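Quick note: the sequence shown uses the UniProt record's numbering, first residue 1, plus one each step.
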Amino acid sequence: MTMRYFIRSISPLEGKIDTGASDFWIKPPFDVKFTNVTKVQSVLQFAGGAVLGNISFADMTLGPIRVKSQALVHVIEQRNFDNLFNRSIFGILGLSFPQSSQILHDSEQLFGANSTKGRTFLGNVFAQNKSTPNFFTVLLGRQDDLKGPRDGVFTISEYDSQYGNITSQPKLFHPSNKSKNDNALPLWSVPMDKMFVNGKEFKFNKSSVPGLESGKTAMLLDTGFTLSYIPGAAVDFIYKSISGAKFDKKNQLWEVPCENTTQLDFVFGGKNFSIHPLDITRVKTVGHETVCQSTFRAMQPNPALALDGILGVPFMKNVYAAFDFGDKSSKIAPNVPFVRMISTTDAKAASPEFKTVRSRQVSISEKFAAEGFAKFQAAQKSQKSGALDLDSDLHASHLPSTFADETPLSRRSGSTTAHAPTTPAAQRQASLPAGQLHREVVEILSGTRASPTRLTVLAGTTFVFMGLCVMGVCMEVRRHMRKRLVAEEGCRFIHEQTG
């Protein structure tokens, strides 16, 4: 019997799932009952930080889904994830391909080359029931930037009934794998047809990905990036269309009058996807001032990763997307991964929403800036040491300009150490160590390894339980037909402590 799972969550929906990573890690403020804790340590690198911990195993529950002895990293050291923890989020669930799993590779040091004990969460879910459709869907919520709460959706093996027509949408295959079975696909990268700004098409240069159709570009769909990254000329094309916009050379971004915007549309598979004006710029508190900054930033295309850009949260908030690991019944391209998307943004309705919501955002930011500046002045008068951080963006992890060149978090001496893997080119599009994709991506942003970059590592929609609630999220669970589950806020947080 086919098992289908449906999880609906009402939350800010930032910082929980990542379509750009494969591994699962936790650092909860309470004890976890593990089924096994190994001496093998893994370093998981992300664009805005890194974590180090022992590969451990615990029984995991996500709604009606049960996985016994799920492999994960129980973090003992971390870099640049304090903002995530400050929001009571204590873990990341990766939803990408097993070929980029650092845990899977490192666990082989202990269990053998062909061991499946270190398999990813989704890998275990689909392996448990071969008849289970091997796809998941994501809709990022907007509770943070619209008047009322708007649900975020994460499903496994089932589509949200509100977007049932997604099955009739075109399949977007990875640019290099449209007509062949390539199980080594490491990224959810798809071809983009066009980009329009105020109805005018921007002409991209030839894609860095060999074999991609003329005029198209390869874009990574990544819920793990707060910002989006596309070729610099395309970024300029967007923000030069906004009245009063100015380029900040020091920080390599555009500053825009908060009340001004533009119309931005992307085309995939012949379908138009409008970007809500709220997602084209974001309100920031810089010092004691409120400014609005570009959410689309510049990067150089990278043929090794088979991508020309990264569409993060500013794009993903405007689509309902189904990520399919391969249609088993397809006669044309069986088991070849693809993505389907439906637009969720009405460009006409978005315009008045922008004016109302942006005004409220600016008002809140200005109040925060004034309060923060008053604290700063008081600190200066009392000659207190240290700096006062007035940055209100909890979504961003701070990436020092030298981060890409730093030595990774060191594994502690006296423990079994897993070495960085070497993956044959025949198994992957790019010859990259498993689990290092986010690190490699950040090194090419803006075309330099050392440029100051502000990123986040995760936006998503799921709550993860592991016999207990490891994400620190309070919710009520109730079962529906066909093992449907609805998760809502409003219950007390319960967890089981070891001992």
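Don't be surprised by glycine CBs; every beta carbon is placed ideally from N, CA and C. Please read these numbers as outputs of a predicted model, since none were measured by experiment.
- Contact check for Trp188 against Thr19 passes: the beta carbons are separated by less than 8 Å.
- When C-alpha distances from Asn272 are compared across Tyr229, Asn318, Lys33, the shortest belongs to Asn318.
- Assignment of Asn198 by DSSP, reduced to helix, strand and coil, places it in the coil class.
- A straight line joining the alpha-carbon of Tyr229 with that of Lys130 spans about 37 Å.
- Linking Val125 to Val313 through their CA atoms gives a straight-line distance of about 26 Å.
- Assigned with DSSP and collapsed to three states, Tyr229 falls in strand.
- About 7 Å separates the Cβ atoms of Pro231 and Asp308, confirming a contact at the 8 Å cut-off.
- Residue state for Asn86 is assigned as helix, using DSSP reduced to three classes.
- In this structure, Pro257 places its C-beta atom within 8 Å of the C-beta atom of Gly244.
- In this structure, Gly94 places its C-beta atom within 8 Å of the C-beta atom of Ser22.
- When rounded, the separation of the alpha-carbon atoms in Asn251 and Gly224 is 21 Å.
- The Cβ atoms of Phe338 and Leu221 do not sit closer than 8 Å to each other.
- A direct Cα-Cα distance of roughly 28 Å separates Thr356 from Leu84.
- Annotation: Gln102 to Lys216 spans about 31 Å, alpha carbon to alpha carbon.
- The Cβ atoms of Ala322 and Ser274 lie no closer than 8 Å to each other.
- When the Cα atoms are used, Gly53 and Asp106 turn out to be separated by approximately 12 Å.
- The shortest C-alpha to C-alpha distance from Ala304 to any of Tyr239, Glu259, Val209, Ile364 is the one to Val209.
- Per the coordinates, the alpha-carbon of Asp265 lies some 6 Å from the alpha-carbon of Val197.
- Per DSSP, reduced to three states, the secondary structure at Phe338 is strand.
- Residue pairing for His74: DSSP places it in a beta bridge opposite Ile26, Asn54.
- Separation of Ser241 and Asp160 (C-alpha to C-alpha, rounded to the nearest whole angstrom) is 36 Å.
- The bridge partners DSSP lists for Gln45 are Ala50.
- The criterion of a C-beta distance shorter than 8 Å is not satisfied by Gln162 and Arg340.
- At least 8 Å separates the beta-carbon of Ser100 from that of Phe135.
- In the three-state reduction of the DSSP assignment, Arg66 falls in the strand class, which pools E and B.
- Annotated three-state conformation of Tyr163 is helix, per DSSP.
- Along the length of the stretch 271–315, whole alpha helix (DSSP H) runs at least 4 residues long do not occur.
- Spanning the alpha carbons of Asn205 and Phe247 requires a straight line of approximately 22 Å.
- Taking C-beta atoms as the reference points, Thr120 and Tyr320 fail to come closer than 8 Å.
- Taking the Cα of Asn36 as reference, the smallest distance to any Cα among Asp193, Gly63, Ser69 is reached at Ser69.
- For Asp106, there is no enclosing beta strand (DSSP E); the enclosing alpha helix (DSSP H) has its first and last residue at 102–111.
- Sequence-distant partners of Phe81 (beyond 5 residues in either direction) whose C-beta falls short of 6 Å from its own C-beta, in its chain, are Gly49.
- With respect to the 8 Å criterion, Ser351 and Pro277 are classified as neighbours on the basis of their beta carbons.
- Leu140: not part of any beta strand (DSSP E); DSSP gives it neither H nor E.
- For Lys171, the three-state secondary structure derived from DSSP is coil.
- When beta bridges are read from the DSSP output, Asp248 appears opposite Leu253.
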